[in-house]
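Data first, discussion second: the structure below is written as structure tokens.
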Ligand SMILES: [Zn+2]
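Residue numbers (our numbering), protein chains in the order written: chain A, 43 to 145; chain B, -8 to 269.
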């Protein structure tokens, strides 16, 4: 189909969300911080646009990949040192010195 | 009936256009119905879950699961100085702390020291911890405080409050603009529409050393604040509310930083997961 015609129709059907706006709003969408109207228009655009559906999937995939990154390896000597410091701290009778950490 | 609805939407102009318009609407009708049903179904599920008093949670394993303790139990055990619990908690969080520390200080050695200082802060402060925030949030807050102090002391470090936020702002609001048609009839459309990525799981993709190096490299080259938000939100899975609390930034600012970081990492990940199409 003629792309010009398609884009005109999409503009008509999907309000004024272009693919660029979808790409810009994708994090807001995933965070659930769009208004109801924006959300509906976003999903309508997705329903009509393969490219943006792929883009959203790619974003989700990127996030899932980041979530799978292993933690930074902590060298064994650091771990040993930590345990040593813990034991020293525990044996100390008074634990009230030092800068207070508020929560 | 459905056709009437769309004729109504399209207005009287519908009778003057080529059949292609109508064909387009008709052939995409199933999609529109599916989207509509999805919205309705989701809200029904959400409302019913709300009334049953459940929340959808698919949270991964936490240190609480591993120790079989709830949050108050964990804090109590730490306050009592239980070595088994302390060892497990230090083992669990040190890698995450190290990752975040690396975004504040120039070298790994200094970051390791910051992690140690953080745990010293925990030893000193755990008795005064009053569970106004979660232990995890509190822990990361101690780290960011120590790391900032330490970072300022290191000469190579520029104070983040000023430089990082200004460089972030310099990037402008339109990071993705190069991906889209700038003007003309197709304005705002993809120059190169995203393809489906190959359906390999993230775990399998990360097995490729090259790919992992590329992702780590992409994260490292982010501006510091973007890197911090991404580390906490996406890698450690901290909630947005807690991230704002830890980094002391606004919710909106946090989302902008996260969005920029994700856009860049997606771009770096793309070559490794794209099919053979290109
Ligand atoms: Zn689109």
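Beta carbons: idealized from backbone N, C-alpha and C, even for Gly.
Please give the ranges of any alpha helix (DSSP H) in the segment 182 to 231 of chain B, keeping only runs that are unbroken, at least 4 residues long and fully inside the region. Listed in chain order, the complete alpha helix (DSSP H) runs (minimum 4 residues) inside the segment 182 to 231 of chain B are 193 to 197, 200 to 211 and 215 to 221.
Nonlocal neighbours in the same chain, by C-beta distance under 7 Å from residue 92 of chain B, ignoring five residues either side: Excluding positions up to five away in sequence, the list reads 102, 105, 106, 134 and 138.
According to a CB-to-CB cut-off of less than 9 Å, which residues of the segment 65 to 77 of chain B neighbour chain A? Those would be 72, 74 and 77, in chain order.
Range of the contiguous alpha helix (DSSP H) that encloses residue 79 of chain A: Start and end: 78 to 90.
Going along chain A in order, which residues have a C-beta closer than 8 Å to the C-beta of residue 186 of chain B? Neighbours of residue 186 of chain B in chain A, taken as residues whose beta carbon is under 8 Å from its own, are 96 in chain order.
Along the alpha helix (DSSP H) that carries residue 124 of chain A, what are the first and last residues, could you check? It spans 118 to 133 - the alpha helix (DSSP H) in which residue 124 of chain A sits, taken as one unbroken run.
Checking contacts by CB at 7 Å: is residue 60 of chain A closer than that to chain B? Residue 60 of chain A counts as touching chain B.
Just to confirm my understanding: we take residue 154 of chain B, look at its own chain, exclude 5 residues before and 5 after, and list those with CB closer than 6 Å. What are they? With a pLDDT of 43 at residue 154 of chain B, under the threshold of 50, the modelled position of that residue is not reliable, and the figure given next carries that caveat. Cβ neighbours of residue 154 of chain B beyond the five flanking positions: none.
In chain A, what lies closer than 9 Å to residue 197 of chain B by C-beta? Here the neighbours are 107, 110, 111 and 112.
Using the three-state DSSP reduction, which class does residue 107 of chain B fall into: helix, strand or coil? DSSP, reduced to helix, strand and coil, places residue 107 of chain B within a helical segment of the structure shown.
Beta-carbon neighbours of residue 104 of chain A, restricted to chain B and to distances below 7 Å: Going along chain B in sequence order, the residues near residue 104 of chain A (Cβ under 7 Å) are 253, 256, 257 and 260.
Locate the alpha helix (DSSP H) running through residue 250 of chain B, then write down its first and last residues. Here the alpha helix (DSSP H) through residue 250 of chain B covers 242 to 264.
Say yes only if the C-beta of residue 64 of chain A is nearer than 6 Å to one or more non-hydrogen atoms of ligand 1, and no if none qualify. It does: the Cβ of residue 64 of chain A is within 6 Å (strictly closer) of some heavy atom of ligand 1.
Do we get a CB-CB distance below 7 Å when we pair residue 226 of chain B with the residues of chain A? By this cut-off, residue 226 of chain B is an interface position.
Quick one: is residue 268 of chain B buried, meaning 16 or more other Cβ sit within 10 Å of its Cβ, or exposed? A caution first: residue 268 of chain B carries a pLDDT of 44, below 50, which makes its placement in the model unreliable, though a value can still be read off. Exposed, by the Cβ-count rule.
May I ask you to check if the CB of residue 37 of chain A is nearer than 6 Å to at least one heavy atom of ligand 1? Nothing about residue 37 of chain A can be read from this structure; chain A reaches only from 43 to 145.
Boundaries of the alpha helix (DSSP H) in which residue 85 of chain B is found, first to last residue: Element bounds for residue 85 of chain B: 74 to 92.
Distance, residue 136 of chain B Cα to residue 307 of chain B Cα: Shown here, chain B extends from -8 to 269; a query on residue 307 of chain B therefore has no answer.
Let me know the secondary structure DSSP gives residue 114 of chain B once reduced to three states. It is helical.
Whether or not the segment 64 to 83 of chain A and the segment 106 to 121 of chain A are in contact is what I'm after, with contact meaning three or more pairs of Cβ atoms, one per stretch, closer than 8 Å; do they touch? Touching, no.
On the CB-based measure, 16 or more other CB atoms within 10 Å of its CB, does residue 195 of chain B come out buried or exposed? With fewer than 16 other Cβ atoms within 10 Å, it is exposed.
Can you check whether the CB of residue 188 of chain B is closer than 7 Å to the CB of residue 103 of chain A? Contact flag set, yes.
Between which two residues does the alpha helix (DSSP H) carrying residue 70 of chain A extend? Element bounds for residue 70 of chain A: 61 to 73.
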